[in-house]
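Input: a single structure, listed below in structure tokens.
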Amino acid sequence: MGQSADITTRFLAGERAALARLISWAENGDGRFAAALAEVFDRVGRAWRVGITGPPGAGKSTLVNEMARLFRDAERTVGVLAVDPSSPFTGGALLGDRIRMEERTLDPGVFIRSMASRGSHGGLACASVDACDVMDAFGFDELLVETVGVGQAEHDIVSAADTVLVVLCPGAGDGIQAMKSGLLETADVLVVNKADQHGADRLISDLEEALELRGMAPDAWCPLVVSCSAGKAQGVEAVNAAIAQHRAYLAGERLERARAAMRAEQVQRVVGERLLAALWNERGYDRETERLLASAPSPHAAAEQALARILAQVDNIADNLEPSTGSQP
């Protein structure tokens, strides 16, 4: 029995060590992951995926901790993925996540995993979705995916969630930043955390006003604005209730369409990532970067030359894949 088959057998038997190994394979781009995921993919689709994003300092980790507690009180199992798109270490914010959720780690109904990009921004969204698929297949009821910031990588990650929470707090200009960065378009639920602080009511009012000014189709989901003080374990029930409301809205065909679109985007990301890896790294394009820069007037021009060369090879591959148009005997 190969190692991939052995891991999936242990995974299907409920071994958390096998779950952790599969997530590591996804994170590291291990070639064994695709075959292993294929063996368990028929179990994917049962969990509800909640993406939690927002600026640093908004209290996302504390909120995730309280959300997990409430889900466990309702006898729901929880998988938590804490994603740091910038740090290659397990310290800093990720270590803070672990400390804040220490009491959850002792609960057999909770699984917590940190994931860092290790300097590879391009593949982080794919790896995060893969990790969610693995935790989903393992049988968790709720998946909470927390990102550190609000950049493009975070947008890509939460786009694979069923429900997206954007967490903001008063006094930090979060409302203005949310409008500038497009977070209002991303959010299904806007959470004003630290609602006991000065300025919370104003932030809630600003968000509600901004949502009213958006042009939306009559049957479209209108993002909910809820407030809580997660650090004091106050009001988090409203957050989970808002998630349940959004889940009810998506039930049926809406959810099927949303998940189909997510899978289509996942295919495109995986193809793009693998294509770049194959053509850029394995075929030695990185070794020619200096030559391109030496002969091109600018980095953009060098990139255009490299892209033209890559596309020529892609066209050649596509031509070879074309079915024969010759006459049939």
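Basically this note's numbering = 1-based index in the sequence shown + 1036. Note that the Cβ used here is the ideal one computed from N, Cα and C, for glycine as well.
Local conformation of residue i per DSSP, three classes
i: Thr1045; result: helix
i: Phe1176; result: coil
i: Arg1082; result: coil
i: Thr1098; result: helix
i: Arg1293; result: helix
i: Leu1347; result: helix
i: His1191; result: helix
i: Ala1167; result: helix
i: Gly1308; result: helix
i: Ser1334; result: coil
i: Gln1233; result: coil
i: Ala1110; result: coil
i: Asp1355; result: helix
i: Ala1197; result: coil
i: Gly1158; result: Legend: pLDDT at Gly1158 = 46, less than 50; position of this residue unreliable, value from coordinates given subsequently. Correct three-state label for Gly1158: coil.
i: Ala1339; result: helix
i: Asp1242; result: helix
i: Thr1126; result: Low confidence applies to Thr1126: its pLDDT is 42, below 50, so where it sits in the model is not reliable enough to give any reading.
i: Ala1278; result: helix
i: Ala1284; result: helix
i: Leu1142; result: coil
Backbone CA spacing between residue i and residue j [nearest angstrom]
i: Leu1370; j: Ile1059; result: Not covered by the structure: residue 1370. The range shown for the chain is 1037 to 1365.
i: Lys1096; j: Ala1296; result: 28 Å
i: Arg1052; j: Val1170; result: 11 Å
i: Thr1222; j: Arg1140; result: 28 Å
i: Arg1305; j: Asp1237; result: 40 Å
i: Ala1197; j: Glu1182; result: 11 Å
i: Gln1302; j: Gln1039; result: 26 Å
i: Ala1339; j: Asp1078; result: 41 Å
i: Ala1163; j: Gly1207; result: 34 Å
i: Leu1204; j: Leu1328; result: 45 Å
i: Ala1294; j: Ala1332; result: 43 Å
i: Asp1355; j: Ile1346; result: 14 Å
i: Val1080; j: Met1298; result: 13 Å
i: Val1350; j: Leu1247; result: 44 Å
i: Asn1352; j: Val1307; result: 17 Å
i: Ala1054; j: Glu1292; result: 29 Å
i: Ala1300; j: Met1252; result: 25 Å
i: Val1184; j: Val1202; result: 11 Å
i: Asp1232; j: Thr1089; result: 21 Å
i: Asp1120; j: Tyr1285; result: 30 Å
i: Leu1048; j: Glu1178; result: 18 Å
i: Leu1142; j: Phe1176; result: 16 Å
i: Asp1172; j: Gly1235; result: 38 Å
i: Thr1370; j: His1336; result: The displayed coordinates of the chain run from 1037 to 1365. Any statement about residue 1370 would go beyond what the structure contains.
i: Ile1043; j: Glu1075; result: 10 Å
i: Ala1367; j: Ala1094; result: With the chain running from 1037 to 1365 in the structure shown, residue 1367 is simply not present.
i: Asp1255; j: Arg1046; result: 45 Å
i: Phe1174; j: Ala1348; result: 42 Å
i: Gly1288; j: Val1272; result: 27 Å
i: Gly1050; j: Ala1083; result: 16 Å
i: Asn1064; j: Ala1071; result: 15 Å
i: Arg1085; j: Arg1283; result: 10 Å
i: Arg1250; j: Trp1257; result: 12 Å
i: Ala1274; j: Pro1091; result: 21 Å
Cβ-based neighbour list, residue i, same chain, cut-off 6 Å, excluding 5 preceding and 5 following
i: Ser1123; result: Residue placement at Ser1123 is flagged as unreliable, the pLDDT there being 44, under the threshold of 50; the coordinate-derived value follows with that caveat. Within the same chain, Ser1123 has close Cβ partners Ala1152.
i: Glu1278; result: Note that residue 1278 corresponds to Ala in the displayed sequence, not to Glu. Taken in chain order, the residues that qualify are Val1225, Leu1260, Val1262.
i: Arg1149; result: Ile1059, Leu1117
i: Asp1166; result: Ala1062
i: Val1200; result: Gly1087, Val1194, Thr1222, Ala1223, Asp1224
i: Gly1267; result: Thr1098
i: Phe1147; result: Gly1115
In DSSP terms, what residue i is bridged to
i: Glu1182; result: Ile1088, Ala1118
i: Ser1150; result: Ala1118
i: Val1202; result: Thr1089, Leu1226
7 Å CB neighbourhood of residue i in its chain, flanking five on each side removed
i: Gly1145; result: Arg1108, Thr1113, Val1114
i: Glu1244; result: Val1261
i: Ile1240; result: Val1228, Val1261, Ser1263
i: His1191; result: Thr1222
Sequence-distant residues of its chain with Cβ nearer than 8 Å to residue i (five each side left out)
i: Asn1276; result: Met1103, Leu1106, Phe1107
i: Phe1069; result: Leu1058, Trp1061, Ala1062, Asp1166
i: Ala1056; result: Arg1149
* To do: Please specify which runs of the beta strand (DSSP E), each continuous and at least 3 residues long, are wholly inside the stretch 1244-1276, giving them in chain order.
  => 1260-1263
* Can you list the alpha helix (DSSP H) stretches of 4 or more residues lying completely in the stretch 1045-1079, in chain order? -> 1052-1064, 1069-1076
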